[in-house]
Every structure is written in C-alpha cells, then in structure tokens.
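Counting in the numbering used here, the sequence shown tops out at residue 570, every number present. Written out below as structure tokens is the structure these notes cover.
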Amino acid sequence: MHAEATGSTIGIRWTGKIGAMGRSMIISSLCLCLLFSLMLSVEAARLPKVPLSKLYNLSPGTSPHFPQGQAERLIKSLGLLPGAADESYGAVNGPGLHERKVHLKVGDGSAPAARAHDAEHYAGYFNSKRNRAANMFYVFFESRGDKAKDPLVLLMTGGPGCGSELAMFYQNGPFKIQDHIENLTLTWNDFGWDKEASIIYVDQPVGTGFSYNSNARDIRYDEEGVSEHMFDFFQEFFVAHPEFAKNDLFVMGESYGSHYVPAVSARLHQANKLRQGLPINLKGFSIGNGLTHPNIRYEAYADYAWNMGLIADDDHKRLSKLFPACAKSIELCETSGTVTCVAAYLVCQSIFNTVMAIAGNINSYDVRKECNEDICYDFSNLETYLNTPQVREELGVGDHKFLACSPLVYEAIFMEWMKSRKNRIPALLEDGIEVLVYAGDYDLVCNWLGNSRWATSLTWSGQEEYVRAPWRKFEVDGNEAGLVTGFKNLNFLKVQDAGHMVAMDQPRSSLEMFRRWTRGIPLGSSISPKKPDLKHMNPKTVFLS
C-alpha cells in the first residue's frame, strides 16, 4: 500500500497502522474541510457552479479515496459502465397512470412468464399532478400465491439513483437473468418475494432507471418530494387496481432507499389519519442494510472493522478519537444544511476511507470477498438485457435507454446524504406500524452494528423493553440463519452469512424473513444462548445524538 495523490486532493492508502504523519494529514484534512465550509457559506453566491461529481465519492463502499468522480466510481464498482442515456425516450405520455400487461419470456421463450403462475405482470409510467414533467417507471408483479389475500409491497432501492431492476433481477424479483452462449434469458426465481406478495418496483427518484423528467429544472429529490410523489402514485394505482386496495401494504427499502422508506410510510399514514384521498392499508415498513443515521453509522465503522479483525487495536483507538469532529460536522449539517453537509461528508468519510486503506483489497459490501480493480460485482447483464429492443418494446419504454445508476440523480441528492432519517420512526411505532430493521453480518458499508444501534436509540414508549429483550434464534428449515431481537412492533434481525444484498446472498432465509414478517409471524424461536459476537461492545448500547 502507498500514499497517492488523486487530482487536486490527496487520498491516502496507509502502509499499515495509522502513524503520526498519517494522523496529522487526516486532522489537517478535517480542518480544511471545516474551513472550506465556512468560506463557502459566505461566498456561495459568487462561486461558479461545480458539478459535485468532481468533488465527492458516491458511497462509502466505492473507493478508499476521497473525493473523486463519485457516481462513475459506483457504476464501475458494480460492473455497470453504461453509455450515455438516449434522449429520444418514446415513453408513454399524459397525466395519471399508464400501464400495460407484459409477458417477459422465460427460458427458450415458448411460454409467457406471467401466465405460468396465473399472475399478471404490468409495467408503466406515472405522471404526478404535482409535476407533469416527471415520468416514474414502475413494474407490478401480482403474487404467485393468493393475490386476493397476499400483501402488497412497495420496494425501493438505493444508490442513490440506482434502478429498482437491480433488486428485481438479482435479489427478490420473480426472475433471474441467465447468461447463455448466444443470448440472455430469464429463469424463475424459486425464492422470489412475489411467491408471498404482490410487488411494486419503482425507479425512484425520477431520473433513475427508466424514469425520466422532460424538464430538468422541475425535479424534487428530497424525501418530502419523493413521499408526495409516492402518495399520488398510490391514489392512482388503487383506482387502476381497486382489488388490491384492501390488501395489507408494506413499504420496504434497502441501502440509500432507507432515506425514503420512513418518509413515504409517514406520508401514507398521515393521509389515512387526515382522511386524504383513498384509504391506504399501511401495515409496516422495513429497512435492509440501511443508510439511516449517519452519526451512529460512522462511529460504527471503526467498531465493526475492529470486531471483524480488519483493523488492529491501536487503529481502532486512533480512529475513535477522530469521530468527535465527524459528529460535530453532522450536527452542523442537520442544523444549517447546504454546504455544511458537504464538509460533513468529507470529514466523516475520512474515517471510512482509512478503515478501507488499512483493511486492504476487500469488498466493503461483503468483507469475506475481495474486489479486483474496483469491480466488486458484475451486473453488466442487466443493462444488456433491458436495453434489447424486444424487452424495451415489451416494457413500453420506447427508445429510452436503461441507465442502471444515474450520476445526475446523485448530484441532485447529495446534500441529503448526511442527514438522519430516523426521526419519523418513533411516531409510526407509537401508532402501531410494524417496523423491521435487518442487515447482513458481513456488510461493512451499512453494517449490522450501526443499524442495531440506531434502532436501539429510537425514543418511543417501548424503548426500555426493546433494550432488555433477549436475542432469539432466527431459524430456517431447522437451521440457525440469524439472530433477532425486538419488542412489540419493532424488530431487528442480523442475517447470518450475508453481505449488503441479503436476498442475493441468502435467498431462502430472506424469503422466510419476508413471509413471516408480512404475516405477523414471530421471526425468532427459542432464546439464543449466544449474543452477537463482539469485543467488549454491546450492540444494544443506546447511542443518542
């Protein structure tokens, strides 16, 4: 390992433990970031606009360096490397909901997929009355089970700015993409969540995946904008599909999608209480490997890495001393917003980057694996398949080219990255909304320790009982598949042998988790004789911020 310059900023790859010179460089970077924030707050009006893609990494897991081409780094790390988006969209236009039945071909294409299980599949665009220029793409899969009784689920993915198709074809959707010698084909996913529920995948915010906006100046990417958009969507959806209006509804998201899930759930619940629009039978929401609370998340990086043996004791102690500056910068972001959030990202990201530099060539989304030349996962088949003319025609997207992860969406949403999204949750818990937080045990980026801590920190009437609740075995087919704890309508599940994408790594366990939770069946069985393996750390320690 070595130190190296990256553009006009310095990224450090440490040779081993954090030395005095390295620590001084980090502290200097922190001071420069805070000074940068102060200067920008005074001079912002006179500064030329600089694309954020030139300043910051997209996510904590893309690179041990900061800052450099964030969106491009993420796309490369996923093996996507898309071309430029085609401007001749050719998509459905007009107000409201516009959808069509679709029959994606399975295997050799001799049988339409949807009819094999007597379940219809739909794809379409939604135009919100609040923003006629926004065209949100969605796919709706009816349940392969009892669609009249099975729950309805809205699935929101992360990035931010990555299409829902990543989850649809690589995690929990009805199909998997198979790479044959001559072409790409689909096979049924034996562990698709549509076996237990009807599922809506949305490309959100607008600009993600097949979604697009005909007026770039008329887009809202903040959580309020997205939640209003989704409320409008469901009002139209239940007019088009009234038979599903009575079904239980669950909102589920992963990674950066956790920023939207609480806001969307709160908006739907508020509408019910205020009798706004058609009633929506919201029962609960879940967050998987979420980026929900930055203060707790960044503190947990050093703790998790230390516990997993990725860093030494001395490294852990020194990194822990850097956290107060991170916490202060997050506080400034929460209160002031705008450029202070840029500084907060730079300050806090140095902690993660140092962990990665010490840990070496690991996959930050699954520390059991390595990344070769930054390519941690190869999802290239997804774009190849979705951009074939036959598939685009079947989905009704015209000539619009599928872009798996959008740099433009990330730039627009960057200021939201360092803000906590847990504040809406306590009120929903008090009103009886079911909440599930889960995480794979080998994910560093959105690790289970940080997610467990922010769930514990929620201030609600059941907090004390939640803290005292025992850990129970989560068993699948008689085998232990994780540990779960909870009280009343708040549950946390640590999924065994899984990374950032739980449904991809543990499809059987994730489907069983999904089935039990959406049916109100307890996730845990007997009290576990063991607790999560930690070095002198209690995962239920209450970290208030």
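We put the beta carbon where it would ideally sit given N, CA and C, even for glycine.
Can you pull the DSSP bridge partners for residue i?
i: H123; result: Y150
i: T510; result: F517
i: E571; result: There is no way to answer for residue 571, as the model of the chain reaches only from 26 to 570.
i: Y463; result: G313, L518
i: W213; result: F200
i: A159; result: N238
i: I387; result: E395
i: C187; result: C430
i: L335; result: Looking at the DSSP assignment, L335 forms no beta bridge with any residue, so it has no partner.
i: L307; result: L274
i: V164; result: A148, Y226
i: I552; result: R497
With residue i as the anchor, note down where its beta strand (DSSP E) starts and where it stops.
i: G275; result: In the sequence as presented, Gly is not what sits at residue 275; that position holds Phe. Residues 274-279.
i: Q203; result: 200-204
i: K394; result: 391-395
i: Y226; result: 223-227
i: M193; result: Run containing M193: none in the beta strand (DSSP E); it sits in the alpha helix (DSSP H), 190-195.
i: V178; result: 177-181
From what residue to what residue does the alpha helix (DSSP H) around residue i run?
i: V492; result: 488-493
i: I383; result: 364-384
i: M527; result: First, the residue type needs correcting, since residue 527 is Val and not Met in the sequence shown. Run containing V527: 527-530, per the alpha helix (DSSP H) assignment.
i: M255; result: 248-265
i: E356; result: 338-361
i: L469; result: Taken as a continuous stretch (DSSP letters only), L469 belongs to no alpha helix (DSSP H), as it is neither H nor E.
i: N297; result: 286-299
i: R322; result: 319-332
i: I450; result: 450-455
i: S482; result: 473-482
i: V416; result: 414-420
i: T409; result: 405-411
Residue i and residue j: beta carbons closer than 9 Å?
i: N238; j: E279; result: no
i: N272; j: P176; result: yes
i: Y326; j: L469; result: yes
i: L274; j: L303; result: no
i: V462; j: F539; result: no
i: R478; j: L548; result: no
i: Q203; j: A528; result: no
i: Y491; j: T481; result: yes
i: L180; j: M277; result: yes
i: F262; j: F439; result: no
i: F259; j: M161; result: no
i: A350; j: C358; result: no
i: S431; j: G250; result: no
i: V127; j: A144; result: no
i: N406; j: L129; result: no
i: F166; j: I225; result: yes
i: S553; j: P495; result: yes
i: A159; j: S283; result: no
i: P604; j: K447; result: As shown, the chain starts at 26 and ends at 570. That puts residue 604 outside it, with no answer to give.
i: H266; j: S445; result: no
i: Y402; j: F194; result: no
i: A384; j: V392; result: yes
i: G545; j: F512; result: no
i: P532; j: N240; result: no
Report, in whole angstroms, the separation of the C-beta atoms of residue i and residue j, which I expect to be a contact under 8 Å.
i: Y285; j: L316; result: About 11 Å separates the two Cβ atoms, so there is no contact after all.
i: V21; j: S252; result: Only positions 26 to 570 of the chain appear in the structure, and residue 21 is not among them; the question remains open.
i: Y329; j: V227; result: Y329 to V227, Cβ: 31 Å. No contact.
i: A296; j: F269; result: Rounded, the Cβ-Cβ distance is 17 Å, inconsistent with contact.
i: G217; j: S189; result: The pair is not a contact, with the Cβ atoms about 14 Å apart (cut-off 8 Å).
i: R658; j: K220; result: Residue 658 lies beyond the range of the chain shown here (26 to 570); nothing can be said about it.
i: G475; j: G524; result: G475 to G524, Cβ: 15 Å. No contact.
i: R449; j: A291; result: 4 Å
i: N514; j: V434; result: About 32 Å; that fails the 8 Å criterion.
i: W473; j: K519; result: 5 Å
i: W442; j: Y370; result: 6 Å
Is the Cβ of residue i closer than 9 Å to any Cβ of chain D?
i: N472; result: Protein chain content of the structure displayed is limited to a single chain, and chain D is not contained in it.
Given 8 Å, three or more beta-carbon pairs between the segment 334-345 and the segment 407-423: no
Cβ contact check for the segment 374-385 and the segment 444-462: 3 or more pairs under 8 Å: no
contact_flag[the segment 490-509, the segment 518-538] where n(CB pairs < 8 Å) is 3 or more: yes
Segment contact, 8 Å Cβ cut-off, at least three pairs: the segment 339-355 with the segment 305-313: no
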